[in-house]
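Inspection log for the structure reproduced underneath, given as structure tokens.
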Amino acid sequence: MTIKCKKCSTPSIIYQPYSGLHLCEKHFYEDLERKAKLTLRQRYPIKKNDVIAVALSGGKDSSVALLLMHKIFGNRPDIRIVAITIDEGIAGYRNESIARAKELTARLGIEHIVKSFREEYGKTMDDITSEKKLMENHFGDEKKELGACSYCGVLRKKILNVVARDIGATKLVIGHNLDDEAQTVMLNHFRGDVERMVRFSAANELDGFIVRVKPLRKIPEKEIALYAYLHDLPMELTSCPHSFGALRKEVRRMLNGFEVNHPGTKYSLVRGFDNMVPLLAAGLEVSDIRNCEICGEPCNDSICQACKMLEKSI
Ligand code: SF4
Ligand code: ZN
């Protein structure tokens, strides 16, 4: 028997356990796009003459984020949308996704900037991981502290911020979905890192960083994947060879298990965290923002994290 959409009589293509709704293709699109627009309105209002930079890796999440920005703001003559792709230099992985990012921006007619770790830092992620392995042999504990993704994330974030600022961007869109957000909330709890929790959430310009906008943070990963598939957007075909992230994988498995038995867990976790942030922020001393003594980028120490990491990996 065909299950029908809860909002019309056409066959449903998706069931949302957390809402109890079966939705057809049209109403699934409406629901997902409504969630993204609501998140934008409530947390990151787009203003007249905004320049929206979109971090585009060429995977499903960032591609959906770019498509949504194009759908929502593409007709606004006062708003400029620019996609930025970072080539971390990961053989057999990043080349494919960069090609897909180029195809997508060409298809949508969106400006596209590609920057690489090699041109910015003189070394690739592949170089860094091989150097780091050598270092880890000498300093055993380091291995537990920082996986490749920590290096990659910090170094990528720095280039994105610099490029976004250079083009005059007022917003930097990141394709984090509900699953990513819920995992990060849990991980920060596990690490007991309150300041990071607050920083993770705050979308403030005071930091000297371009405001990071996450329109997909209330949309489950599975729905992003389906939306990407139905719009013929890029999907991850290969996985990154450096992705260790053992703890995140464990948290991901755990949260997926909870979600099956208790639909809506990921939403509750993120909602609870959002409610907690203003209270935590009120009791937290805000670290001063300075400029890194090596590269001049904003940071809350004398040397920024990226420069520390690059020194470490030399
Ligand atoms: Fe970088 Fe980790 Fe992503 Fe690989 S999985 S691209 S190392 S952040
Ligand atoms: Zn620096």
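Here the sequence shown is numbered in this note's numbering, starting from 9 and rising by one per residue.
For every residue, glycine included, the Cβ atom is placed at its ideal position computed from N, Cα and C.
Residues 273 of the same chain have their beta carbon placed closer than 6 Å to that of residue 266, with the five preceding and five following residues left out of the count.
Straight across, the Cα-Cα distance linking residue 163 with residue 262 is about 29 Å. About 13 Å separates the CB atoms of residue 62 and residue 241; that is not less than 8 Å, and the two are not in contact.
The criterion of a C-beta distance shorter than 8 Å is satisfied by residue 94 and residue 123. Less than 8 Å divides the Cβ of residue 186 from the Cβ of residue 229. Within the model, the alpha-carbon separation for residue 18 versus residue 75 is close to 25 Å.
Spatial neighbours of residue 190 in its own chain (CB-CB distance under 6 Å, excluding positions within 5 residues in sequence) are listed in chain order as 263, 274, 277 and 278. Residue 195 and residue 256 have their C-alpha atoms spaced approximately 7 Å apart. Non-local C-beta neighbours of residue 182 in its own chain, meaning closer than 8 Å and more than five positions away in sequence, comprise 63, 70, 73, 220, 221 and 222, ordered along the chain.
Shown here, residue 63 sits in a strand according to DSSP, grouped into three states.
If you draw a 10 Å sphere on the C-beta of residue 42, you find fewer than 16 other C-beta atoms in it, and that means exposed.
Taking the C-beta atoms as reference points, residue 89 is found nearer than 8 Å to residue 81.
For residue 103, the three-state secondary structure derived from DSSP is helix. The DSSP-derived three-state label of residue 58 is coil. In the DSSP assignment, residue 124 falls within the unbroken beta strand (DSSP E) covering 119–124.
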